[in-house]
Amino acid sequence: MKTGYRLPDVTFHTRVRDDSLEGPNPFRWEDKTTADYFAGKRVILFSLPGAFTPTCSTYQLPGFEKNAETFANHGIDAIYCMSVNDSFVMNKWAQDQKLETVTVIPDGSGEFSRKIGMLVAKDNLGFGMRSWRYAAIVKDGVIEAWFEEPGLADNHGEDPYGVSSPETVLEYLAEDAKGVAAE
Numbered sequence: 001m002k003t004g005y006r007l008p009d010v011t012f013h014t015r016v017r018d019d020s021l022e023g024p025n026p027f028r029w030e031d032k033t034t035a036d037y038f039a040g041k042r043v044i045l046f047s048l049p050g051a052f053t054p055t056c057s058t059y060q061l062p063g064f065e066k067n068a069e070t071f072a073n074h075g076i077d078a079i080y081c082m083s084v085n086d087s088f089v090m091n092k093w094a095q096d097q098k099l100e101t102v103t104v105i106p107d108g109s110g111e112f113s114r115k116i117g118m119l120v121a122k123d124n125l126g127f128g129m130r131s132w133r134y135a136a137i138v139k140d141g142v143i144e145a146w147f148e149e150p151g152l153a154d155n156h157g158e159d160p161y162g163v164s165s166p167e168t169v170l171e172y173l174a175e176d177a178k179g180v181a182a183e
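In UniProt numbering, the protein residues as written are 1 to 183.
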């Protein structure tokens, strides 16, 4: 369990749209830190093996996007999707998925995933190093709740999905709200 764990300090190399730039690629590099994303907020962070992959693109990412308003009603300020992919890939995937609420975070070199203990080899699929699938509720940079798929291992033969689903996170938030209301 990583509950109570402070997220590692990492700098993410992102590409952001800059309308002051002309031409077909109006984006510039912008470094963002763990603090930029997590300080002073209660957020959902979920990570997955790769952009454009079947489970990630069909269920996990769309489920978090679709339920964004419900998450906000439970006190969630932002929803972040992280993957060990570069910013170009993550931005294109966000565009492909027509994201309006979920923000993608590129962990291109896997530094964040490694420091949080979730970097695994996926050479059996030709992926190289990737993140194990998980979700977390993070408050001001500290993990409040942790949802990790079973079987964390290099070159795992399966891609378990369920524990880190948006539905599971919503169930936790609903139960948490009941507990707070009862106090």
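The beta-carbon is built from N, C-alpha and C at its ideal position, and this holds for glycine as well.
Start-to-end residues for the beta strand (DSSP E) that takes in residue i
i, result
"D31", "F27 to T33"
"S47", "R42 to L48"
"L152", "From DSSP, L152 is part of no beta strand (DSSP E); its letter is neither H nor E."
"L119", "L119 to A121"
"R17", "T11 to R17"
CA nearest to the CA of residue i, picked from the options
i, options, result
"V104", "F52, K115 and L125", "F52"
"P106", "G117, M82 and P160", "M82"
"R42", "N91, A94, T168 and N73", "N73"
"L119", "A35, A68 and N155", "N155"
"G108", "E144, F64, G63 and R15", "R15"
"D123", "E144, P49 and P166", "P49"
"F46", "W93, K32, I137 and A121", "I137"
"A174", "P160, Y161 and A145", "A145"
"Y161", "G128, F147, E100 and V142", "F147"
Enclosing alpha helix (DSSP H) for residue i [first to last residue]
i, result
"S109", "Neither: S109 is in no alpha helix (DSSP H) and is coded neither H nor E."
Beta-carbon separation (whole angstroms), residue i vs residue j, contact threshold 8 Å
i, j, result
"I116", "V102", "About 19 Å separates the two Cβ atoms, so there is no contact after all."
Subject >> Runs of beta strand (DSSP E) wholly within the stretch 126–150 (minimum 3 residues, chain order) >> reply: 129–131, 134–139 and 142–148
Original post:
Considering only residues of the stretch 50–86, which uninterrupted alpha helix (DSSP H) runs meet the minimum length of 4 residues and lie entirely inside it, listed in chain order?
Top reply: 61–66 and 68–73
Subject >> Three CB pairs or more closer than 8 Å across the stretch 127–134 and the stretch 23–32 >> reply: At 8 Å Cβ cutoff, the stretches do not touch.
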